[in-house]
Amino acid sequence: MDRLDRLRDAIAEKQRVLVLFSGGLDSTVLAQVAQDVLGDDSCALTFTSTIIPRHELVDARDIAARIGIRHVVMEMNELDDPVFASNPPDRCYRCRKMRDARAIGWARDNGFPVVADGLNASDLADYRPGMQAAREDGIWQPFTELDIIKDEIRAMAREMGLPLWDRPNTVCLSSRIPYGDTITQEMLQRVDRAEEYLRGLGFRQVRVRHFPRGIAVVEVEAPDRVLGHGDEIVGRLRELGFALVALDLEGFESGKMNRLLDRELVQS
Numbered sequence: 032m033d034r035l036d037r038l039r040d041a042i043a044e045k046q047r048v049l050v051l052f053s054g055g056l057d058s059t060v061l062a063q064v065a066q067d068v069l070g071d072d073s074c075a076l077t078f079t080s081t082i083i084p085r086h087e088l089v090d091a092r093d094i095a096a097r098i099g100i101r102h103v104v105m106e107m108n109e110l111d112d113p114v115f116a117s118n119p120p121d122r123c124y125r126c127r128k129m130r131d132a133r134a135i136g137w138a139r140d141n142g143f144p145v146v147a148d149g150l151n152a153s154d155l156a157d158y159r160p161g162m163q164a165a166r167e168d169g170i171w172q173p174f175t176e177l178d179i180i181k182d183e184i185r186a187m188a189r190e191m192g193l194p195l196w197d198r199p200n201t202v203c204l205s206s207r208i209p210y211g212d213t214i215t216q217e218m219l220q221r222v223d224r225a226e227e228y229l230r231g232l233g234f235r236q237v238r239v240r241h242f243p244r245g246i247a248v249v250e251v252e253a254p255d256r257v258l259g260h261g262d263e264i265v266g267r268l269r270e271l272g273f274a275l276v277a278l279d280l281e282g283f284e285s286g287k288m289n290r291l292l293d294r295e296l297v298q299s
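Start counting the sequence shown at 32; every next residue gets the next number (the working numbering).
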């Protein structure tokens with residue numbers, strides 16, 4: 032039995048499943064399989080918030096409609112929590128606890144005994160405080176349970192004909208701000224607009240890191256390509272409110288801010 036068949040069987044055993052749905056690759060594959068196996072006994076839940084890129088809700092709505100799964104959108108404002116806004120290293124833990132509480136409450140009220148997310152086995156090596164929160168809250172993670180890695184999920188997406196099998200990962204905008212720097216709505220909007228602009232220039236993997244005093248550090252998958260648009264990029268990011276614009280010569284790397292955390296732990 033291949034991994035996709037095992038996933039189908041595991042979902043069938045749960046009978047009714049609410050999928051935490053960002054519209055990214057992992058949650059889309061999970062939602063598609065849940066819809067195929069369970070039909071109306073599956074549902075997708077998407078959170079919308081200032082910490083989420085604006086395009087993600089639009090994408091999530093479109094993908095859910097294409098899949099045919101029932102889709103619920105729930106609004107959050109994590110910045111109302113002063114501890115989250117202070118941006119501690121366990122920021123993701125606090126966010127996940129808030130979201131899980133809302134999701135589990137909705138699921139209970141609507142007859143869904145199982146809440147699932149798309150965490151996969153490849154994610155386990157990274158620093159992800161939200162994983163601990165999900166385990167504490169009883170969120171079912173079928174990809175990790177079945178030891179399914181990212182490349183296998185991409186293969187499943189291709190097999191099912193999902194067009195986003197090679198879609199880049201996106202994560203919450205708070206991750207662009209160094210731990211310990213207070214997160215504001217203005218900073219998140221600035222980052223979101225800057226990244227949207229860079230994607231419009233054809234860059235697929237994009238991060239604009241927001242450092243103190245309005246310093247933007249641009250990460251893209253091919254840093255040398257930025258140089259051909261240098262003046263244009265600097266001009267646009269200055270318009271958005273950044274004081275200085277720098278290019279990360281290492282290029283794009285998800286979770287790069289965790290290096291600063293590792294350094295602080297070593298020095299302490």
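A virtual CB, placed ideally from N, CA and C, is assigned to each residue, including glycine.
### Task
Could you spell out the range, first to last residue, of the alpha helix (DSSP H) harbouring residue 58?
Residue 58 -> alpha helix (DSSP H) spans 56 to 69.
### Task
Find the nearest neighbour of residue 171 within the set 65, 281, 78, 90, judged by alpha-carbon distance.
65
### Message
Between which two residues does the alpha helix (DSSP H) holding residue 107 run?
### Response
Careful: residue 107 lies outside any alpha helix (DSSP H) and carries neither H nor E.
### Query
Do residue 208 and residue 289 come within 8 angstroms of each other at the CB atom, strictly closer than that value?
The answer is no: Cβ separation not under 8 angstroms.
#### Entry: Nearest candidate by alpha-carbon position, reference residue 110, set 47, 256, 219
219
### Message
Looking at the secondary structure, which residues open and close the beta strand (DSSP E) in which residue 263 lies?
### Response
Counting along the chain, residue 263 falls outside any beta strand (DSSP E), though it belongs to the alpha helix (DSSP H) covering 261 to 270.
### Message
Given this structure, state the Cα-to-Cα distance separating residue 257 from residue 203, to the nearest angstrom.
### Response
23 angstroms
### Task
Compute the Euclidean distance between the alpha carbons of residue 67 and residue 263, then round it to the nearest angstrom.
Cα to Cα, the separation comes out at about 46 angstroms.
### Message
On the DSSP letters alone, give me the boundaries of the beta strand (DSSP E) that residue 238 sits inside.
### Response
237 to 242
### Message
My output table needs one value for residue 281: the three-state DSSP class, helix, strand or coil.
### Response
coil
### Bridge partners - residue 73, DSSP secondary structure assignment
48
### Task
Let me know the secondary structure DSSP gives residue 252 once reduced to three states.
When secondary structure is reduced to three states using DSSP, residue 252 falls in the coil class, being assigned neither helix nor strand.
#### Entry: Cα-Cα separation, residue 237 to residue 248
So the two alpha carbons sit approximately 11 angstroms from each other.
### Reference residue 184, options 115, 81, 56, 97, closest by Cα
56
### Task
With a cut-off of 8 angstroms on the beta carbons, I'd call residue 148 and residue 73 a contact; round off their distance for me.
Contact doesn't hold; Cβ gap of about 14 angstroms is too wide.
### Query
Could you give the C-beta distance for residue 102 and residue 134, rounded to a whole number, given that I count them as a contact under 8 angstroms?
14 angstroms between Cβ atoms; not a contact.
### Task
Name, in chain order, the residues that DSSP records as bridge partners for residue 79.
106
### Task
Specify, as a first and last residue, the run of the alpha helix (DSSP H) that residue 225 falls within.
Per DSSP, the unbroken alpha helix (DSSP H) holding residue 225 starts and ends at 216 to 231.
#### Entry: For residue 137: DSSP bridge partner residues
Residue 137 is not bridged to any residue.
### Message
One question on the structure: do residue 39 and residue 223 come within less than 8 angstroms of each other, judged by their Cβ atoms?
### Response
Judged by their CB atoms, residue 39 and residue 223 are not nearer to each other than the 8 angstroms cut-off.
### Query
When the Cα of residue 139 is compared with those of 47, 80, 53, which residue comes out closest?
Of all alpha-carbon atoms in 47, 80, 53, the one lying nearest the alpha-carbon of residue 139 is that of 47.
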